[in-house]
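What follows is a short report on a single structure.
2 protein chains.
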Amino acid sequence: MKKYNFSAGPSILPQQTIEETAKAILDFNGSSLSLMEVSHRGKDFQLVMDETIELFKELLEIPAGYSVIFLGGGASLQFCMVPFNLLEKKAAYLNTGTWASKALKEAKLFGEVVEVASSKADNFSYIPKDYVIPTDADYFHITTNNTIFGTELHTDLDSPVPLVADMSSDIFSRPIDVSKYALIYGGAQKNLAPAGLTFVIVKDELLGKVTRPIPTMLDYRVHIENGSMFNTPPVVPIYGAMQTLRWLKANGGVPAMYKRNIEKANLIYNEIDNNPLFRGTCAVEDRSIMNVCFVMSNEYKDLEADFAQFATEKGMSGLKGHRSVGGFRASIYNAMPLSGVQALVDCMQEFAKKNVK
Amino acid sequence: MKKYNFSAGPSILPQQTIEETAKAILDFNGSSLSLMEVSHRGKDFQLVMDETIELFKELLEIPAGYSVIFLGGGASLQFCMVPFNLLEKKAAYLNTGTWASKALKEAKLFGEVVEVASSKADNFSYIPKDYVIPTDADYFHITTNNTIFGTELHTDLDSPVPLVADMSSDIFSRPIDVSKYALIYGGAQKNLAPAGLTFVIVKDELLGKVTRPIPTMLDYRVHIENGSMFNTPPVVPIYGAMQTLRWLKANGGVPAMYKRNIEKANLIYNEIDNNPLFRGTCAVEDRSIMNVCFVMSNEYKDLEADFAQFATEKGMSGLKGHRSVGGFRASIYNAMPLSGVQALVDCMQEFAKKNVK
Chain E
1 MKKYNFSAGP
11 SILPQQTIEE
21 TAKAILDFNG
31 SSLSLMEVSH
41 RGKDFQLVMD
51 ETIELFKELL
61 EIPAGYSVIF
71 LGGGASLQFC
81 MVPFNLLEKK
91 AAYLNTGTWA
101 SKALKEAKLF
111 GEVVEVASSK
121 ADNFSYIPKD
131 YVIPTDADYF
141 HITTNNTIFG
151 TELHTDLDSP
161 VPLVADMSSD
171 IFSRPIDVSK
181 YALIYGGAQK
191 NLAPAGLTFV
201 IVKDELLGKV
211 TRPIPTMLDY
221 RVHIENGSMF
231 NTPPVVPIYG
241 AMQTLRWLKA
251 NGGVPAMYKR
261 NIEKANLIYN
271 EIDNNPLFRG
281 TCAVEDRSIM
291 NVCFVMSNEY
301 KDLEADFAQF
311 ATEKGMSGLK
321 GHRSVGGFRA
331 SIYNAMPLSG
341 VQALVDCMQE
351 FAKKNVK
Chain R
358 MKKYNFSAGP
368 SILPQQTIEE
378 TAKAILDFNG
388 SSLSLMEVSH
398 RGKDFQLVMD
408 ETIELFKELL
418 EIPAGYSVIF
428 LGGGASLQFC
438 MVPFNLLEKK
448 AAYLNTGTWA
458 SKALKEAKLF
468 GEVVEVASSK
478 ADNFSYIPKD
488 YVIPTDADYF
498 HITTNNTIFG
508 TELHTDLDSP
518 VPLVADMSSD
528 IFSRPIDVSK
538 YALIYGGAQK
548 NLAPAGLTFV
558 IVKDELLGKV
568 TRPIPTMLDY
578 RVHIENGSMF
588 NTPPVVPIYG
598 AMQTLRWLKA
608 NGGVPAMYKR
618 NIEKANLIYN
628 EIDNNPLFRG
638 TCAVEDRSIM
648 NVCFVMSNEY
658 KDLEADFAQF
668 ATEKGMSGLK
678 GHRSVGGFRA
688 SIYNAMPLSG
698 VQALVDCMQE
708 FAKKNVK
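Sequence lines, in order, name chains E and R. One point on numbering: in my numbering, the residue at position 142 of the first sequence is 142, and numbering is uninterrupted. One point on numbering: in my numbering, the residue at position 98 of the second sequence is 455, and numbering is uninterrupted.
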């Protein structure tokens with residue numbers, strides 16, 4: 001049976017990424033060696049690293065003065081690396097969800113932290129809009145897409161202080177103006193690569209301003225100076241990222257992805273809004289185009305388990321909502337085709353036909 | 358042409374690890390989903406995590422009271438995580454090479470560091486034996502195998518304070534008495550898995566004794582409490598590790614590996630000692646059974662490039678020595694068969710026949 005992977009992460013990747021990675025694991029570049037066993041210092045892998053960084057710069061139109069680095073440890077490690085490198089006295093955080101809260105909590109180990117606004121009281125169902133960013137903060141931290149709650153910042157904010165963004169779950173999903181950000185980071189396991197890779201895009205001039213000593217592996221400058229090869233990088237995930245970015249480029253780049261993502265999001269949100277069985281959980285204007293959260297409407301609450309089973313039988317995988325929200329979550333990352341979303345919509349309609357009173 | 362992979366790391370892995378990982382990337386457990394895109398919270402991956410931890414415990418005979426955790430970031434990140442978690446006032450380090458020096462340097466950010474001995478003046482060509490471990494140190498740190506210089510500690514040391522060991526390049530190569538260690542860590546990309554995975558074996562009672570606040574992701578207790586799933590773990594490398602450990606178990610476990618490793622090491626060192634073209638670079642009693650360093654003997658120094666080319670033409674890959682030592686380095690990890698070492702020896706003999714004056 002055809003499976004549709006709606007997992008929140010690790011999550012659906014382009015078929016090309018999957019097939020080319022499997023091929024390279026059996027034989028990397030015709031070397032008779034596996035991608036898993038070649039030296040990261042070899043010419044062939046250096047070419048992979050170089051191309052992946054170049055594709056990042058090209059596809060996101062990253063201006064001069066920024067570096068792209070690849071690390072291990074996940075976005076969660078960035079929650080402490082960001083303040084380690086940038087927080088001298090005070091930092092501002094916008095609290096829009098579980099991950100934003102974790103990032104904020106970590107920063108408190110390093111200095112004063114101002115929570116400029118929070119939607120926690122409403123279970124993070126919207127993105128706060130009215131708040132003041134303290135102009136004496138070292139940086140302002142946002143989470144552009146809240147994977148768990150299905151909300152998303154749809155524009156690049158104007159910030160009076162350096163803007164730091166966790167874009168783990170929406171990088172490459174819409175065109176962004178990188179020049180508005182001082183630092184962008186994220187785990188790669190949503191729109192990019194298998195788990196185990198973290199990307200950081202950082203404005204070079206931002207670094208070297210804190211007075212604390214920084215452990216070597218947590219110092220962005222070390223990784224920039226060493227071209228992400230200070231120590232052994234996660235070779236296989238970087239190769240996967242390169243394949244995904246090649247696929248993205250061949251399919252029209254970020255603007256084309258964005259157009260497709262909007263179509264996909266409209267299709268599923270339209271169904272949620274019109275199907276009496278379901279309702280969305282977020283403020284309409286803040287709905288994520290990557291993670292679509294919905295629950296059974298009040299009248300049909302008792303059908304949740306039935307729909308879950310029905311959807312599974314139809315090949316829908318990873319639809320279970322996060323326990324913080326309940327219900328369902330369809331993660332429709334770049335690699336999810338419109339036909340996948342259509343299959344889910346068909347499934348919702350078929351279930352409605354049988355069950356609407 | 359058959360290739361023999363003597364790379365220092367990432368390095369040769371069992372064919373089973375390579376083939377099974379490639380297979381799972383195309384279809385994980387018959388799920389019609391790729392190993393690269395399944396949720397780490399799913400039942401199927403939990404089974405992989407559980408089995409990998411169990412195999413660690415079984416194959417290394419890890420006693421009760423120890424936890425095994427898997428992290429990202431490489432052994433280099435452990436250079437700061439160890440003192441973050443364990444160094445309250447003073448730590449002792451044995452300086453046996455480049456990586457030991459880096460670990461020692463990092464600890465200085467956290468407290469007083471005593472270098473109990475160093476072989477740096479002799480380009481780390483031996484393991485110092487006569488030194489005193491301060492009994493008031495929080496721990497004593499060693500690097501059991503020095504990948505770059507080809508020296509190895511062949512026994513489990515007795516230490517009056519908790520013993521911490523970087524075993525990146527010799528874990529699973531010989532039976533060890535884990536009870537003599539407080540913490541063992543290493544990058545997986547030598548004897549275990551593709552790059553991007555770090556293992557930590559830690560005695561639970563050792564933790565929670567320092568007074569400093571520890572960033573969440575750098576706190577071993579967080580990863581223990583969350584079964585290495587506090588954040589998304591490196592899924593593919595963990596799957597690779599499980600396959601390698603299954604292979605290891607099926608092939609007689611660590612004692613059988615050790616027997617084979619001794620045979621392999623004897624074969625190549627015997628050739629180095631008897632072939633007039635070559636000489637070893639380390640103290641004989643400290644020679645590593647994992648990384649075999651050798652150079653051209655003085656009389657034949659000018660033949661280095663010729664031998665390098667000759668060996669490459671015979672299918673030997675990754676033989677170039679690290680720039681700190683020069684010459685050649687044959688890394689003969691667990692997955693290297695005796696026939697691979699024999700092929701290298703044949704190649705050395707054939708080259709000698711043509712060139713010995």
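For every residue, glycine included, the Cβ atom is placed at its ideal position computed from N, Cα and C.
Asked, Found
"If you draw a straight line from the C-alpha of Pro590 of chain R to the C-alpha of Tyr131 of chain E, how long is it?", "35 Å"
"With distance defined between alpha-carbon atoms, name the residue in R:Arg644, R:Leu701, R:Ala421, R:Leu383 nearest to Ala665 of chain R.", "R:Leu701"
"Buried or exposed: where does Met574 of chain R fall if 16 or more other Cβ atoms within 10 Å of its Cβ makes it buried?", "buried"
"Can the beta-carbon of Gly683 of chain R be found less than 8 Å from the beta-carbon of Ser526 of chain R?", "no"
"Could you check what DSSP says for Tyr66 of chain E in three-state terms: helix, strand or coil?", "strand"
"Near Ile490 of chain R, what residues of its chain come up, given a Cβ to Cβ distance below 7 Å and the 5 sequence neighbours on each side ignored?", "Ala449, Val473, Phe497, Ser516, Pro517, Val518"
"Please report the Cβ distance between Ser482 of chain R and Phe467 of chain R, rounded to the nearest whole angstrom; I am assuming they are in contact, meaning their Cβ atoms lie under 8 Å.", "Incorrect: roughly 30 Å between the Cβ atoms, too far for contact."
"Whose Cβ in chain E lies nearer than 8 Å to the Cβ of Pro694 of chain R?", "What Pro694 of chain R touches in chain E: nothing, since even the nearest Cβ is about 14 Å away."
"Which chain E residues are close to Ala379 of chain R, counting only those with a beta carbon under 7 Å from its beta carbon?", "Ala22, Ile25, Leu26"
"Along chain E, in chain order, which residues have C-beta atoms closer than 8 Å to that of His397 of chain R?", "Pro10, Ala195"
"From Phe183 of chain E to Lys203 of chain E, what does the alpha carbon distance come to, in whole angstroms?", "Note on residue identity: the sequence assigns Leu, not Phe, to residue 183 of chain E. The straight-line gap from Cα to Cα measures roughly 6 Å."
"Which stretch, first to last residue, makes up the beta strand (DSSP E) that contains Met438 of chain R?", "Here Met438 of chain R belongs to no beta strand (DSSP E); instead the alpha helix (DSSP H) covers 431 to 443."
"Specify the secondary structure class of Ile272 of chain E as computed by DSSP and reduced to three states.", "helix"
"Considering just the uninterrupted stretch of the alpha helix (DSSP H) at Phe45 of chain E, what are its terminal residues?", "43 to 59"
"Taking C-beta pairs closer than 8 Å, name the residues in chain R that Ile148 of chain E reaches, listed in chain order.", "Here the premise fails: no neighbours, minimum Cβ distance about 13 Å."
"Given this structure, state the Cα-to-Cα distance separating Asn29 of chain E from Gly97 of chain E, to the nearest angstrom.", "42 Å"
"Could you work out which residue in E:Ile25, E:Asn334, E:Met296 is closest to Lys264 of chain E when comparing CA atoms only?", "E:Asn334"
"Taking the Cβ atom as the reference point for each residue, do Gly196 of chain E and Gly429 of chain R lie within a distance shorter than 8 Å?", "yes"
"Per DSSP, what kind of secondary structure is Phe635 of chain R in: helix, strand or coil?", "strand"
"May I ask you to report which of helix, strand or coil DSSP gives Tyr361 of chain R?", "strand"
"Hey, which unbroken runs of the alpha helix (DSSP H) at 4 residues or more fall wholly within the segment 530 to 585 of chain R?", "577 to 582"
"Reducing DSSP to helix, strand and coil, say where Phe110 of chain E ends up.", "coil"
"Check whether the segment 594 to 602 of chain R and the segment 369 to 383 of chain R are in contact - that is, three or more C-beta pairs closer than 8 Å.", "yes"
"Please identify the residue among R:Tyr657, R:Phe685, R:Ile625, R:Pro551 whose C-alpha is closest to the C-alpha of Leu370 of chain R.", "R:Pro551"
"Please list the residues of the segment 59 to 83 of chain E that have a C-beta atom closer than 8 Å to any C-beta atom in chain R, keeping them in chain order.", "Leu71, Gly72, Gly73, Gly74, Ala75, Ser76, Leu77, Phe79, Cys80"
"Across which residues does DSSP place Asp523 of chain R in a beta bridge pair?", "R:Thr500, R:Tyr542"
"By the DSSP assignment, the beta strand (DSSP E) with Leu94 of chain E in it spans what residues?", "90 to 95"
"Grab me the residues of Gln372 of chain R's own chain with a C-beta within less than 6 Å of its C-beta, minus the 5 sequence neighbours each way, in chain order.", "none"
"At 8 Å on the CB atoms, spell out the chain E contacts of Thr573 of chain R, in chain order.", "Ser76, Phe79, Cys80, Lys102, Lys105, Glu106"
"Under 8 Å, Cβ to Cβ, is there at least one residue of chain E near Gln546 of chain R?", "yes"
"Checking contacts by CB at 8 Å: is Asn251 of chain E closer than that to chain R?", "no"
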